[in-house]
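For reference, the structure discussed in these notes is given below.
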Amino acid sequence: MKIYMNGTMVDEAEAKISVFDHGLLYGDGIFEGIRLYRGCVFRLDEHLERLEKSAHAILLDMPWERSTIAEAICECCRVNALEDGYIRVLVTRGVGTLGLSHLNCNDPQLIIIADKITLYPEEHYTEGLKIITSPTRRVNPAALPPMVKSLNYLNNVLAKADAHRAGCLEAIMLNDQGYVAECTGDNIFIRHKDKWFTPPTSAGALRGITRGAVLDIMEDLDISCSETNMTRYDIWTADEMFLTGTAAEVIPVVEVDGRTIGKGKPGEKTHEILEAFHNLVSKDGQMIR
Ligand code: PMP
1169 MKIYMNGTMV DEAEAKISVF DHGLLYGDGI FEGIRLYRGC VFRLDEHLER LEKSAHAILL
1229 DMPWERSTIA EAICECCRVN ALEDGYIRVL VTRGVGTLGL SHLNCNDPQL IIIADKITLY
1289 PEEHYTEGLK IITSPTRRVN PAALPPMVKS LNYLNNVLAK ADAHRAGCLE AIMLNDQGYV
1349 AECTGDNIFI RHKDKWFTPP TSAGALRGIT RGAVLDIMED LDISCSETNM TRYDIWTADE
1409 MFLTGTAAEV IPVVEVDGRT IGKGKPGEKT HEILEAFHNL VSKDGQMIR
């Protein structure tokens, strides 16, 4: 596999960064996870806009135009002969001293990895996920805005470990006030009667690209959805639930903390939305060639 590193394609074995890179020393950097569907990059511009906003929020001046990064992403997919896959774009603060200050780092690193994607096993889409609420809270927005997709994912890594220790693949994370924020790598949607709800970004949810695409789909399908603070009780008593994410797409949830959601089977609306999502990805992308 070839990796894009600062303007050149290098062999995987040669793709290395300095031990003095603040991305490694302090998790000082940002990233994006993007999908390639049949030779088209899904919502590339939105991902790059989110990357730019993350960079701006952490005072990281990216010296590359959006079009340069977009072209590098497409080139990385072409070089690796990918038609379908997962693209990871990373920007690290670059080499500095052992001190925390970002002022010593003047050469941010742009790294792009385009690889095949490992999806959740198919049975989870047909039967639904069983998940828990993690005791690990989402990082307080006043400490590190969760809207920034930073390299500082330890909070989510620990919550994912909570999920695995409970025999689950995902976990809900609450914010410091006890409201539902999101899962470790996915956004949350629930239905009560004919109304859908998703936590607002102010509750600690990432402004997911898939979440945005699903909100667009819901509007097209005349499905009412509002961004509302929700508690665990609201989740436990939901009639239907699904998660959204670049890797997961739209995946049903049928049990949370041992409480059955709805009828304990993936809901009809979830299927309808997943189908609409598959239609969307087949036409809403940027061709890599
Ligand atoms: N929340 C978190 C914490 C994430 O890391 C991600 C991305 N995996 C998401 C939500 C979903 O966002 P997107 O749809 O942009 O992948």
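For what it's worth, this note's numbering labels the leading residue of the sequence shown as 1169, then goes sequentially. From the three backbone atoms N, C-alpha and C, an ideal C-beta is built for every residue, glycine too.
- In the DSSP assignment, ILE1340 is bridged to THR1301 and CYS1351.
- Per DSSP, MET1398 is not a residue of any alpha helix (DSSP H), being assigned neither H nor E.
- The closest heavy atom of ligand 1 lies 7 angstroms or more from the beta carbon of ILE1198.
- In this structure, the CA atom of ILE1419 is about 31 angstroms from the CA atom of GLY1191.
- Sorting VAL1257, LEU1258 and CYS1242 by C-alpha distance to the C-alpha of GLU1251 places CYS1242 at the top.
- Distances from the CA of HIS1446 to each of ILE1226, ILE1285, LYS1431 and GLU1417 were compared; the closest alpha carbon is that of GLU1417.
- Rounded to the nearest whole angstrom, the C-alpha separation of LEU1268 and ALA1329 is 28 angstroms.
- For a cut-off of 8 angstroms, the C-beta gap from LEU1219 to PRO1314 is around 16 angstroms, too long to register as a contact.
- According to DSSP, TYR1254 shares a beta bridge with ARG1203 and ASP1283.
- VAL1209 and ARG1246 have their alpha carbons spaced roughly 12 angstroms apart.
- Under the three-state reduction of DSSP, THR1265 is assigned to coil, being neither helix nor strand.
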